[in-house]
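First the structure, in the form of structure tokens, and then the observations on it.
Number of protein chains: 2
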Amino acid sequence: MNLKELSDFLKLSPTTVSRAINGYPEVSEATRKRVVEAAEANNYHPSHLASGLAKGKAMAIGHVIPLSKHMVMNPHFSDFISGAGDVYCKAGYDMLIRVVAEGEEESVYKKLAKDGRVDGVIVHGPSNYDARIEALQDIGIPFVVHGRTNQDESTYNWVDVNNVRAFKRATNYLLDLGHRDIAFINGFEFMNFAMRRRSGYEEALHEASIEINPEIMFTGEMTEPQGYESMKQLLKRAKPPTAILLSSILPSMGAMRAVQEAGLTVGKDVSIVTFDDQLSFLQNSGDIPMFTSVRSSIRDAGVRVAEILLDQINQPKADPYHELWEAELVLGKSTGRPVSV
Amino acid sequence: MNLKELSDFLKLSPTTVSRAINGYPEVSEATRKRVVEAAEANNYHPSHLASGLAKGKAMAIGHVIPLSKHMVMNPHFSDFISGAGDVYCKAGYDMLIRVVAEGEEESVYKKLAKDGRVDGVIVHGPSNYDARIEALQDIGIPFVVHGRTNQDESTYNWVDVNNVRAFKRATNYLLDLGHRDIAFINGFEFMNFAMRRRSGYEEALHEASIEINPEIMFTGEMTEPQGYESMKQLLKRAKPPTAILLSSILPSMGAMRAVQEAGLTVGKDVSIVTFDDQLSFLQNSGDIPMFTSVRSSIRDAGVRVAEILLDQINQPKADPYHELWEAELVLGKSTGRPVSV
DNA sequence: AAAACTGATCAAAGCGCTTTGGAAAACCAC
DNA sequence: GTGGTTTTCCAAAGCGCTTTGATCAGTTTT
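Top to bottom, those sequences are chains A and B.
Just so you know, we're using full-length UniProt numbering here: the first sequence kicks off at 1 and counts up by one.
Just so you know, we're using full-length UniProt numbering here: the second sequence kicks off at 1 and counts up by one.
Put into structure tokens, the structure is as follows:
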């Protein structure tokens, strides 16, 4: 059943029926009621394609998700997406996802923006210099970046965590406890957030006049095995570091496994501080959390980014909008004073 | 730039331009080349909405993802989706995701199917009796179920793992090692896969004439904390079970943490067999995997489910299609003979 | 009672594309 | 050069909706 049929059935014009359903004021309450009931009864649903075409809005938001070399979908996405998806759903928008091999993102974003299928897009995982930003600005489609780049921040919308401050604080906390050998297991540093985290770590060490030791700094895909393998490397050293900073709960689980396997105790022999995205399936909670962490919910970020994007779509002339979030430092069981030698 | 403008520019009719771009044979190679080049040069992208409307196909597949009570997105989705998304992308389809509060799924599926926005849908996480199946059959939209229900299996498309057999094998393996007290930490048993896993476990115990003990059987959301808490319960018992069966790597990580925290060793004091979906971010691999497991890739399932759906969309008259996969039993470090009393 | 206004409805054009049913041009054989 | 085929292109209708501008009754104003 389509609009025409429904309006024939009701002996009304398509105009009136359309307006009745979309809540326009030009139609009397009596007929509106009649129309809505008939639509319900006949199981009529307006075609999204047709209405989208007619009003030039697609009522959908695009996400492009790059798969890494090993076709791995970063698990942090699922929480981000569940936050964003919830916002879209409530606003009547759909989420359009394109999974794409690493490297092709830019062209996929362009196509997505051009073919009129979405009204705005989210940029995930910006690198230090990210060509997508200028590409999207050229096209003129609204977009929000989750994170930032090293490009001019003032020209686009973004929501980011203060990664420098977070990791500086985490490092300082370990320094205050008396640690001097602090390892760092980071994500890939071409990703902007990872680069900023490293800056925070290095700043803190600098200020404490501790030399930076590249031998105890790792980068890689933030997975459980990454944490495990890196930690194993560290424990092999003549003088293993007494504290480790990690970029996500996932590698932290792996690091913990390596520590326990070596017969050592986390929080005593080795202190761990992790960034905690509050992944819903790996929650670091309880009376005293398992890990000491700098914490910021990636799901909340998804919510906020989505809200901002919808706002920008409805007010296309608005100025670029930013939010910089501070992570909280949460004390858990994984840190303590270093065992004195 | 739209079709009309491009065709004016080329001094051709929209018909010819459209055909040239879509690769129809009625247009000479010379003009096709001219058209394609002009399209490129003018950065012309056909409107997806308009073409979808005109040909009655949306070129998109719908996924409805229920959030659990705590707004948690099951992390297993992300791997499934990355597999499916890859297939869609290669076939020129988009993935449309609606995140929806638990319980509203049926109506959301209906709306999605009706409003012409997608050409087919995937049914995730079927329960034992799932109303979505009949709803979708009524509507007549192609769909594929990831998993099965207890309804008549022959009437719809599905891809499933032989969960009964997998868990029976896993249990038998533990029995063969000499274990007699085997606990089971399962997912929610209103989910069909979890129910079938339980059947497999119980069948094996029955055949070995071992009584089923509900006190050492848990169900819940399959997360790290679930495994941790359940395991802690088990270790508190006067005579803790010597082996545990778990439904996913996530709770297994938690169980392992509890075991290690209690000063015991996995694979010696406590044997663990888990179902391994081969989650990309928690891989159970290496020379000898961390966990003994029954293994089946959920990403591969996503790929296959997507392929089948696209096939069904292209041949709507085809018979329902099913695939039942056998999980492999992979030996890892987490199992051994029980410590003799 | 004519004029002005208001509220409820409608006809028709348009969104940007595909596709049907020709028509025109080019080619072929005889 | 006539009739028949192919090849290449086009005009126009249609997909299902929204929206502009107009109509028409009913109400109020002068």
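Note that the Cβ used here is the ideal one computed from N, Cα and C, for glycine as well.
Computed from a prediction, not measured in an experiment: that's the story for all the values here.
Pair every Cβ in the segment 91-110 of chain B with every Cβ in the segment 96-113 of chain A, then say whether three or more of these pairs are closer than 8 Å. Result yes; three or more Cβ-Cβ pairs closer than 8 Å.
Measuring straight from C-alpha to C-alpha, what distance separates H76 of chain B and A84 of chain B? One-based indexing of the second sequence puts residue 76 of chain B at position 76. One-based indexing of the second sequence puts residue 84 of chain B at position 84. Between the alpha carbons of H76 of chain B and A84 of chain B lies a gap of roughly 13 Å.
Using 8 Å as the limit for Cβ to Cβ distance, is V17 of chain B near chain A? The count along the second sequence starts at 1 and reaches residue 17 of chain B at position 17. So no, V17 of chain B is outside the interface.
At 7 Å on the CB atoms, spell out the chain A contacts of V100 of chain B, in chain order. Reading the second sequence from its first residue, position 100 is the one you call residue 100 of chain B. Neighbours of V100 of chain B on chain A, chain order: C89.
Is there a C-beta anywhere in chain B that falls below 8 Å from the one on residue 361 of chain A? Outside the displayed span of chain A (1 to 341) sits residue 361 of chain A, for which this structure offers no information.
Beta strand (DSSP E) containing G120 of chain A: first to last residue? If you number the first sequence from 1, residue 120 of chain A lands on position 120. Note, G120 of chain A: beta strand (DSSP E), 120-123.
Give the single residue among B:I61, B:A183, B:S154 whose Cα lies nearest to the Cα of A91 of chain B. Start at 1 with the first residue of the second sequence, and residue 91 of chain B comes out as number 91. Comparing Cα positions, the closest option is B:I61.
Excluding the 5 residues flanking E224 of chain A on each side, which residues of the same chain have their C-beta closer than 6 Å to its C-beta? One-based indexing of the first sequence puts residue 224 of chain A at position 224. Contacts found: L250, M253, G254.
Going by the CB atoms, is the gap between F188 of chain B and E221 of chain B shorter than 8 Å? Translated into the one-based positions of the second sequence, residue 221 of chain B becomes position 221. Translated into the one-based positions of the second sequence, residue 188 of chain B becomes position 188. Cβ distance < 8 Å, so E221 of chain B and F188 of chain B count as in contact.
Return the chain-ordered list of same chain residues with a C-beta closer than 6 Å to the C-beta of H179 of chain B, the five sequence neighbours on each side being excluded. Against the second sequence, residue 179 of chain B aligns to sequence position 179. Hits under 6 Å: T242, A243, P338.
G85 of chain B CB to nearest chain A CB: under 8 Å? As a position in the second sequence, residue 85 of chain B is number 85, starting the count at 1. At least one chain A Cβ lies under 8 Å of G85 of chain B.
Give the residues of chain A in contact with S78 of chain B, contact being defined as C-beta atoms less than 7 Å apart. Residue mapping note: residue 78 of chain B aligns to position 78 of the second sequence, counting from 1. Correct list: M73, P75, F77, S78.
So, with DSSP's three-state summary, where would you put G62 of chain A? The residue given as residue 62 of chain A occupies position 62 in the first sequence. In the structure shown, G62 of chain A sits in a strand (DSSP, three-state: E or B).
If you compare alpha carbons, which of B:K236, B:S51, B:V87 is closest to V303 of chain B? As a working note, residue 303 of chain B is residue 303 in the second sequence. That would be B:V87, whose Cα lies nearest to the Cα of V303 of chain B.
Is the Cβ of M231 of chain A closer than 8 Å to any Cβ of chain B? Stepping through the first sequence from its first residue, residue 231 of chain A is reached at position 231. No, M231 of chain A does not count as interfacial toward chain B.
Is DSSP giving N162 of chain A helix, strand or coil here? For the purposes of this step, residue 162 of chain A is taken as the residue at position 162 of the first sequence. In the structure shown, N162 of chain A sits in coil (DSSP, three-state: anything other than H, G, I, E or B).
Classification of T15 of chain B by the beta-carbon crowding that lies within 10 angstroms, buried from 16 upward: As a position in the second sequence, residue 15 of chain B is number 15, starting the count at 1. Classification of T15 of chain B: exposed, given that the 10 Å Cβ count is below 16.
Taking just the CA atoms, how far does K111 of chain B sit from K4 of chain A? The count along the first sequence starts at 1 and reaches residue 4 of chain A at position 4. The count along the second sequence starts at 1 and reaches residue 111 of chain B at position 111. Between the alpha carbons of K4 of chain A and K111 of chain B lies a gap of roughly 19 Å.
Strictly below 9 Å CB to CB, what residues from chain A border L250 of chain B? Taking the first residue of the second sequence as 1, we reach residue 250 of chain B at position 250. Result: F281, L282.
Rounded to the nearest angstrom, how far is the Cβ of V270 of chain A from that of L174 of chain A, given a contact under 8 Å? On the first sequence, residue 270 of chain A is found 270 positions in, with the first residue counted as 1. On the first sequence, residue 174 of chain A is found 174 positions in, with the first residue counted as 1. About 11 Å separates the two Cβ atoms, so there is no contact after all.
Residues of the segment 287-309 of chain A with a CB closer than 7 Å to any CB of chain B: list them in chain order, please. none
Contacting residues, own chain, Cβ-Cβ under 6 Å from F184 of chain B (five flanking each side not counted): For the purposes of this step, residue 184 of chain B is identified with residue 184 of the second sequence, where counting begins at 1. Y201, M217, L245.
Which same chain residues end up closer than 7 Å to L324 of chain B when comparing Cβ atoms and leaving out the 5 residues on each side of it in sequence? Along the second sequence, read from residue 1 onward, the residue named residue 324 of chain B stands at position 324. Excluding residues within five positions, the ones whose Cβ falls inside 7 Å are D160, N162.
Can you pull out the residues from the segment 176-191 of chain B whose beta carbon lies closer than 9 Å to at least one beta carbon of chain A? Of all residues in the segment 176-191 of chain B, none has a Cβ within less than 9 Å of some Cβ in chain A.
Does the segment 118-134 of chain A come close enough to the segment 285-293 of chain A to have 3 or more Cβ pairs within less than 8 Å? no
Test: H146 of chain A CB closer than 8 Å to a CB of chain B: As a position in the first sequence, residue 146 of chain A is number 146, starting the count at 1. Not closer than 8 Å to any Cβ of chain B, the Cβ of H146 of chain A fails to qualify, so no.
Straight-line Cα distance separating R148 of chain B from F190 of chain B: In the second sequence, the residue the question calls residue 190 of chain B occupies position 190. In the second sequence, the residue the question calls residue 148 of chain B occupies position 148. Near 12 Å, if we compare the C-alpha coordinates of R148 of chain B and F190 of chain B.
Proximity winner among A:G56, A:N284, A:D181, relative to K333 of chain A (alpha-carbon distances): One-based indexing of the first sequence puts residue 333 of chain A at position 333. Per the C-alpha coordinates, the member of A:G56, A:N284, A:D181 positioned closest to K333 of chain A is A:N284.
Using the three-state DSSP reduction, which class does L324 of chain A fall into: helix, strand or coil? Position 324 of the first sequence, counted from the first residue, corresponds to residue 324 of chain A. Strand, per DSSP.
Out of curiosity, what's the CA-to-CA distance linking E105 of chain B and V145 of chain B? Here residue 105 of chain B refers to the residue found at position 105 when the second sequence is read from its first residue. Here residue 145 of chain B refers to the residue found at position 145 when the second sequence is read from its first residue. Taking the straight line joining both Cα atoms gives about 14 Å.
Taking Cβ-Cβ distances shorter than 8 Å, what residues in chain A pair up with K114 of chain B? As a working note, residue 114 of chain B is residue 114 in the second sequence. In chain order: N43, H45.
Taking the alpha carbon of N213 of chain B as the reference point, which residue from B:E229, B:F193, B:Q226, B:P240 has its own alpha carbon closest? Locating residue 213 of chain B in the second sequence gives position 213, counting from the first residue. Answer by Cα proximity: B:P240.
Taking a contact to mean a Cβ-Cβ separation below 8 Å, would you say D79 of chain B touches I313 of chain B in this structure? Here residue 79 of chain B corresponds to residue number 79 of the second sequence, with the count starting at 1. Here residue 313 of chain B corresponds to residue number 313 of the second sequence, with the count starting at 1. 8 Å or more divides the Cβ of D79 of chain B from the Cβ of I313 of chain B.
Mind pulling the alpha helix (DSSP H) runs of 4 or more residues that sit fully within the segment 241-295 of chain B? 249-261
So A183 of chain A is in the alpha helix (DSSP H); what residue range does that whole segment cover? In the first sequence, counting from the first residue as 1, residue 183 of chain A sits at position 183. Unbroken run through A183 of chain A is the beta strand (DSSP E), 182-186; no alpha helix (DSSP H).
Taking a Cβ distance cut-off of 9 Å, strictly less, list which residues of the segment 309-341 of chain B are near chain A, in chain order. none
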